[in-house]
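**Q** Below are the structure tokens for one structure; questions will follow.
Protein chains in written order, with our numbering: chain A, 1 to 323; chain B, 1001 to 1323; chain C, 2001 to 2323.
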């Protein structure tokens, strides 16, 4: 039997999960049960993807309410997640604020948004992370795969360095790939054009070689997303290229084995089939990775998910990995 | 804590809910349980959105089977809803027949469709409503937000007056808004164009000022839909304008706080997140409204819904409003 | 009461159900329960739609792994389905391999793909079907409705004859209709254009008269799909034409009464409403059919489905047919 890399980390999409992936309306009790379910299949790492999006905040950030037009949240969900992480022995990583503005616009004020990220990270460090044994590190949540995302690369460099100064913890990024399933292509072009425009493994290696070299010292761990390339024909190659380009730059290679399915007729994000998930986990192992995270447990492989196929996936996964 | 307006009314989408919002295949027992669930969270008003659509009828209308090409229904669901409304102490409003034809076409025979509406309302009054303590009033189910929907405005005026003569009960309308999330825009134009074309609060106020003035005396209650404008940037303004324009014309202001989410990447109508629902209910209270209805309990906030996130929403809602 | 034809057969979409219709991640135990649920509502026929798609196989086909680039499957699901069919007294039909290539391309090597189909059918006969009392027959899984699908018609003729020689069992096809709801139209043209381009009942009769005459002797049973034509205005006519054209060519008429809904605003394949399903089953009875199959029980009308509306449909169906 081919060895498969187990999933030991997951994003938590709370707050940003309302545009492509609908909110599940979980109570605190469900979140508690879900942390227990994560732990039961070996997950030791949870990454809150963003601590705030547009006007919505996960915690009452004085800075963002005053300077970014955010609303005072009705309750402090960041506190809840720290409490649950401590209770269940899971390390909690925290992602940065996202204004909803387009980082690719030349006119975009990236300095202002980086300031928002730094200030809220500082608040979170002071008020939550510093005193919690559960705190794991910082997540820089810009996820572009675009070659010209200079603002994003600059953010990785500057905000990553800031995080190191702030607390000494590691920084993580999870970039996309400009592949044929990338939403920025599929929303504009028909499938055949997407395949023509899509990045090749060699182009991807060259581009990210340059980017990672540029952000060296600021970024510690890289976990590329994987659903944006064709599973049958490209994914193995891209996994290897990703492993090579990350390790060649002295960073720690994780891989984001997404548990939704993008190769569908509509982008409705159903949970992946267990067979296809296993394929990816075997390929990740073969490519050399030693840690897989996923986007994300709660919607796509949880026994508490609103999608029944996710609940079933949890059963198959747990049984296979004998947890 | 900011006060939130509770939801005390809901549409019932049965029969029309097969194009955008799939049928849930509920048995009579589930409907019974659902009326109980409505009542348990304070809902006292249920509005059957249409008593017939195209060939399908909620009750065996001799007029519509003879004159509108409708099929004899296998069973009388209108009778079921009256029985359940009586049992659970909920007022039942009845919506008019809809042929499926395009009311906006200049060549459309609106007189014929209004005749169908009147005749079936008369049948319903005679055979169901007259003798039921549960009957609440009449719903005029044309829901356009378009400035040039003259046929619809004429229908409000004529059919509304007919309803008053028929039974003396009140009439209700729930118009859409030609906002940036309106399906008639989003199905044709990209998001940026929709935002440009969309009606402004001032244009909306002027247009509906004229329309409501025209239908005065025929329409008693107005409950604008609310999902068709941007939640973050426009909804508060539109809620206030709606309240003003309705009360300025001497009508009763209700508001239709829809419980599905339109601000998604695909129009798949997921249940709204509780946070966003609460935002809307607080804004509705601030705008002055005293009664909120919703489209609709059964799919989007019921413990019997086929969508698990709706079942979860019911729990969060019930807990918040301490019912 | 109008008589309705009961559904006594279903496809099993396992392996191919990952593009339009997501995988449900069922364990063996769920499949066992589902065969029992099928039987409980009178289903005696299960048709595995394809024994392999692209690189994925339902059984370890030495031929396809060696000659078609298929991967060795982690387990033998064909064996499971034979075991369950025997246990529950259901006849199992087996569908052919599909490479994922476009059969309509003039340059497509149909001879090679037919060779794959024949070789895998021979393997299946030898290793599974020959010794199983559950084996029912062969399914030729190309499902086009296009007039110019010459490759497909040739496949029906040659592979059908091969099946007869191989085991003497009957062969089944389930072609689509080039109607206004056909995905090959709706993915390219707006609704009004689809209605213009769509095949008429008379064109359909003429085309399939020629095709069925051509494949006579190779194909025994024909079960046209039915969702691709307008339900209100066309389906009755097409059902009658289908019955006529099949029987006129001396073949056995089955009908594929699909249990998903295509007449929706997005092609998300929700379970059909029970009312609309009953309409179709009554019309099928009136058209003369004596056996209805469906695509498919597991997703759209099973008590184990990941779609709650399917679970509800099962209850309504079972109650109606007093099983």
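Note that the Cβ used here is the ideal one computed from N, Cα and C, for glycine as well.
If you measure from the beta carbon of residue 1025(B) to each beta carbon in chain C, is any gap under 7 Å?
**A** Taking the second chain and counting its residues from 1, the one referred to as residue 1025(B) is at position 25. Output row for residue 1025(B): interface = yes.
**Q** Does residue 2279(C) pass the burial test, meaning 16 or more other C-beta atoms within 10 Å, or should it be called exposed?
**A** For the purposes of this step, residue 2279(C) is taken as the residue at position 279 of the third chain. It counts as buried.
**Q** What residues of chain B sit near residue 20(A), judged by a beta carbon separation below 9 Å?
**A** Your numbering for residue 20(A) matches position 20 in the first chain. 1264, 1265, 1266, listed in chain order.
**Q** Can you tell me whether residue 2243(C) is buried or exposed? The criterion is at least 16 other CB atoms within 10 Å of its CB, across all chains shown.
**A** As a working mapping, residue 2243(C) is identified with position 243 in the third chain. With 16 or more other Cβ atoms within 10 Å, it is buried.
**Q** Taking the alpha-carbon positions, what's the residue 152(A) to residue 49(A) distance?
**A** Here residue 152(A) refers to the residue found at position 152 when the first chain is read from its first residue. Here residue 49(A) refers to the residue found at position 49 when the first chain is read from its first residue. Cα to Cα, the separation comes out at about 16 Å.
**Q** Counting only beta-carbon separations shorter than 7 Å, does residue 192(A) have a partner in chain C?
**A** By one-based count along the first chain, residue 192(A) stands at place 192. With 7 Å as the cut-off, residue 192(A) does not count as an interface residue toward chain C.
**Q** Could I get the ranges of all uninterrupted alpha helix (DSSP H) runs contained in the stretch 1152-1239 of chain B, with 4 residues as the minimum, in chain order?
**A** Listed in chain order, the complete alpha helix (DSSP H) runs (minimum 4 residues) inside the stretch 1152-1239 of chain B are 1183-1186, 1191-1197, 1201-1215.
**Q** Within 7 Å of any Cβ in chain A, is that where the Cβ of residue 2051(C) sits?
**A** Translated into positions along the third chain, residue 2051(C) becomes position 51. Not one chain A Cβ lies under 7 Å of residue 2051(C).
**Q** Would you be able to state if there are at least three C-beta pairs under 8 Å between the stretch 1232-1242 of chain B and the stretch 1201-1218 of chain B?
**A** Result yes; three or more Cβ-Cβ pairs closer than 8 Å.
**Q** Measuring straight from C-alpha to C-alpha, what distance separates residue 94(A) and residue 2(A)?
**A** In the first chain, counting from the first residue as 1, residue 94(A) sits at position 94. In the first chain, counting from the first residue as 1, residue 2(A) sits at position 2. Taking the straight line joining both Cα atoms gives about 34 Å.
**Q** Quick check on residue 55(A) - is its C-beta less than 7 Å from some C-beta in chain B?
**A** Position 55 of the first chain holds residue 55(A). Yes, residue 55(A) counts as interfacial toward chain B.
**Q** If we ignore side chains and look at the alpha-carbon of each, how far apart do residue 2037(C) and residue 2256(C) end up?
**A** To locate residue 2037(C), count along the third chain from 1; it is residue 37. To locate residue 2256(C), count along the third chain from 1; it is residue 256. The straight-line gap from Cα to Cα measures roughly 19 Å.
**Q** Checking 7 Å against the spacing of the C-beta atoms, do residue 302(A) and residue 28(A) come in under that value?
**A** Position 302 of the first chain holds residue 302(A). Position 28 of the first chain holds residue 28(A). Cβ atoms of residue 302(A) and residue 28(A): not closer than 7 Å.
**Q** Helix or strand or just coil, what does DSSP make of residue 2295(C)?
**A** Against the third chain, residue 2295(C) aligns to sequence position 295. Note: residue 2295(C) maps to coil in three-state DSSP.
**Q** Along chain A, in chain order, which residues have C-beta atoms closer than 7 Å to that of residue 1309(B)?
**A** Walking along the second chain from the start, residue 1309(B) turns up at place 309. By Cβ distance, chain A contributes 22, 23, 24, 25, 306.
**Q** Taking all protein chains shown into account, do 16 or more other C-beta atoms lie within 10 angstroms of the C-beta of residue 17(A), making it buried, or fewer, making it exposed?
**A** Residue 17(A) sits at position 17 when you count from the first residue of the first chain. A caution first: residue 17(A) carries a pLDDT of 49, below 50, which makes its placement in the model unreliable, though a value can still be read off. By the neighbour-count rule (16 or more Cβ atoms within 10 Å), residue 17(A) is buried.
**Q** What runs of the alpha helix (DSSP H), each 4 residues or longer, lie entirely inside the stretch 1053-1105 of chain B?
**A** Runs found: 1062-1067, 1077-1088.
**Q** Would you say residue 2222(C) and residue 2251(C) are within 7 Å of each other, going by their C-beta atoms?
**A** Locating residue 2222(C) in the third chain gives position 222, counting from the first residue. Locating residue 2251(C) in the third chain gives position 251, counting from the first residue. Contact: yes.
**Q** Would you report the Cα separation of residue 1039(B) and residue 1131(B), rounded to the nearest angstrom?
**A** By one-based count along the second chain, residue 1039(B) stands at place 39. By one-based count along the second chain, residue 1131(B) stands at place 131. Cα to Cα, residue 1039(B) sits roughly 22 Å from residue 1131(B).
**Q** To the nearest whole angstrom, what separates the beta carbons of residue 96(A) and residue 121(A), a pair I think is in contact under 8 Å?
**A** Along the first chain, one-based indexing puts residue 96(A) at 96. Along the first chain, one-based indexing puts residue 121(A) at 121. Contact holds; Cβ gap of about 7 Å.
**Q** Would DSSP call residue 1122(B) helix, strand or coil?
**A** Taking the second chain and counting its residues from 1, the one referred to as residue 1122(B) is at position 122. Here residue 1122(B) sits in helix by DSSP.
**Q** My output table needs one value for residue 1007(B): the three-state DSSP class, helix, strand or coil.
**A** Walking along the second chain from the start, residue 1007(B) turns up at place 7. Residue 1007(B): strand per DSSP, three-state reduction.
**Q** Looking at residue 1078(B): is its Cβ nearer than 7 Å to the Cβ of residue 1059(B)?
**A** Along the second chain, one-based indexing puts residue 1078(B) at 78. Along the second chain, one-based indexing puts residue 1059(B) at 59. Yes, these two residues count as a Cβ contact at 7 Å.
**Q** Under 7 Å, do residue 1283(B) and residue 1245(B) count as touching if we go by C-beta distance?
**A** The residue given as residue 1283(B) occupies position 283 in the second chain. The residue given as residue 1245(B) occupies position 245 in the second chain. Not a contact, by the Cβ cut-off of 7 Å.
**Q** Please list the terminal residues of the continuous beta strand (DSSP E) segment that includes residue 1138(B).
**A** For the purposes of this step, residue 1138(B) is identified with residue 138 of the second chain, where counting begins at 1. Segment 1135-1140, the beta strand (DSSP E) holding residue 1138(B).
**Q** How many angstroms separate the CA atom of residue 81(A) from the CA atom of residue 47(A)?
**A** On the first chain, position 81 is the one that residue 81(A) refers to. On the first chain, position 47 is the one that residue 47(A) refers to. Going from the Cα of residue 81(A) to the Cα of residue 47(A) covers about 10 Å.
**Q** For residue 1267(B), which residues in the same chain have their Cβ closer than 8 Å to its Cβ, ignoring the five residues on either side in sequence?
**A** For this step, residue 1267(B) is matched to residue 267 along the second chain. The answer, listed in chain order, is 1020, 1183, 1186.
**Q** Tell whether a beta-carbon distance below 7 Å holds between residue 289(A) and residue 10(A).
**A** Taking the first chain and counting its residues from 1, one reaches residue 289(A) at position 289. Taking the first chain and counting its residues from 1, one reaches residue 10(A) at position 10. For residue 289(A) and residue 10(A), no; Cβs fall outside 7 Å.
**Q** With distances taken between CB atoms, is the gap from residue 1258(B) to residue 1226(B) smaller than 7 Å?
**A** Position 258 of the second chain, counted from the first residue, corresponds to residue 1258(B). Position 226 of the second chain, counted from the first residue, corresponds to residue 1226(B). In contact: residue 1258(B) and residue 1226(B) (Cβ atoms closer than 7 Å).
**Q** So residue 1232(B) contacts chain A; which residues on that side make the cut at Cβ distance below 8 Å?
**A** As a working note, residue 1232(B) is residue 232 in the second chain. Ordered by position in chain A, the residues that pass the 8 Å Cβ test against residue 1232(B) are 54, 55.
**Q** Report the rounded CA-to-CA distance for residue 1311(B) versus residue 14(A), giving the unit in angstroms.
**A** The sequence position of residue 1311(B) within the second chain is 311, counting from 1. The sequence position of residue 14(A) within the first chain is 14, counting from 1. Cα-Cα distance, rounded: 18 Å.
**Q** Tell me whether residue 1306(B) sits in a helix, a strand or coil according to DSSP, three-state version.
**A** Start at 1 with the first residue of the second chain, and residue 1306(B) comes out as number 306. In the structure shown, residue 1306(B) sits in coil (DSSP, three-state: anything other than H, G, I, E or B).
**Q** Which residues does DSSP pair with residue 1256(B) in a beta bridge?
**A** Here the question's residue 1256(B) lines up with position 256 in the second chain. Looking at the DSSP assignment, residue 1256(B) forms a beta bridge with 1225(B), 1293(B).
**Q** Suppose contacts are defined by Cβ-Cβ distances below 7 Å. Is residue 1025(B) in contact with residue 2005(C) by that definition?
**A** In the second chain, residue 1025(B) corresponds to position 25, counting from 1. In the third chain, residue 2005(C) corresponds to position 5, counting from 1. Against a cut-off of 7 Å, the Cβ pair of residue 2005(C) and residue 1025(B) comes out as no contact.
**Q** Quick one: does residue 2316(C) have its CB under 7 Å from some CB of chain B?
**A** On the third chain, residue 2316(C) is found 316 positions in, with the first residue counted as 1. Output row for residue 2316(C): interface = yes.
**Q** So what's residue 46(A) in DSSP terms, helix, strand or just coil?
**A** To locate residue 46(A), count along the first chain from 1; it is residue 46. Strand at residue 46(A).
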